[in-house]
Amino acid sequence: MTQRERRQAGLYFRAIDTEIHEERLRAQDLIQRYNALRPDQHEEASEIIRSLLGTMGERCHFVPPVFFDYGSNVHIGDFSFINSNFTALDAGRIDIGRHVFIGPNVSI
115 MTQRERRQAG LYFRAIDTEI HEERLRAQDL IQRYNALRPD QHEEASEIIR
165 SLLGTMGERC HFVPPVFFDY GSNVHIGDFS FINSNFTALD AGRIDIGRHV
215 FIGPNVSI
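Rendered as structure tokens:
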């Protein structure tokens with residue numbers, strides 16, 4: 115079982131594993147790009163956040179800045195709104211439902 119599979123199964127995993135480390139670096143790169151966008155760059159923001167997250171429903175909105183460990187373990191339903199300074203420590207799966215509103219400075 116790979117370290118990634120162990121992580122996804124909720125088992126102990128080595129975060130220094132090469133594959134896991136590469137996933138975090140990819141997420142950090144996308145997060146930095148997302149957080150640096152201008153407010154009028156809606157299309158770019160949507161592309162970046164969709165490529166970062168596991169799944170994202172229709173008409174979801176994030177207010178930067180945001181932070182994720184991996185991003186790929188976060189799944190968000192339709193019509194959700196996530197306010198600024200949202201942090202998701204997503205070593206395990208995180209599901210955020212439909213029509214969810216998350217206030218500023220929330221950490222999961």
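All residue numbers for the sequence shown refer to our numbering, where the first residue is 115 and numbers rise by one.
Note that CB positions come from ideal geometry on N, CA and C, so glycine has one too.
Keep in mind it's a predicted model, so treat the numbers as computed, not measured.
Less than 8 angstroms between the CB of residue i and some heavy atom of the ligand ZN, yes or no?
i	result
D154	In the structure shown, the ligand ZN is absent, as is every other ligand, since no ligand is present at all.
Measure the CB-CB distance between residue i and residue j and report whether it falls below 9 angstroms.
i	j	result
G171	R212	yes
E137	S186	yes
G206	R121	yes
With distances taken Cα to Cα, identify the nearest neighbour of residue i among the options.
i	options	result
N198	H175, H135 and Q142	For the sequence presented, residue 198 should be read as Ser rather than Asn. If we check each option's Cα against that of S198, H175 comes out closest.
L166	D154, R152, Q146 and Q155	Q146
E157	T169, R173 and G168	R173
V214	G191, R128 and I130	G191
Got a sec? Which residues, its chain only, sit under 7 angstroms from residue i by beta carbon, not counting five neighbours each side?
i	result
T116	E133
Quick check on DSSP: helix, strand or coil for residue i?
i	result
D209	strand
S221	strand
I145	helix
A202	strand
Here's a check: name, in chain order, each residue in its chain whose Cβ is nearer than 6 angstroms to the Cβ of residue i, leaving out the five neighbours to either side.
i	result
L144	I162 and L166
V180	F200
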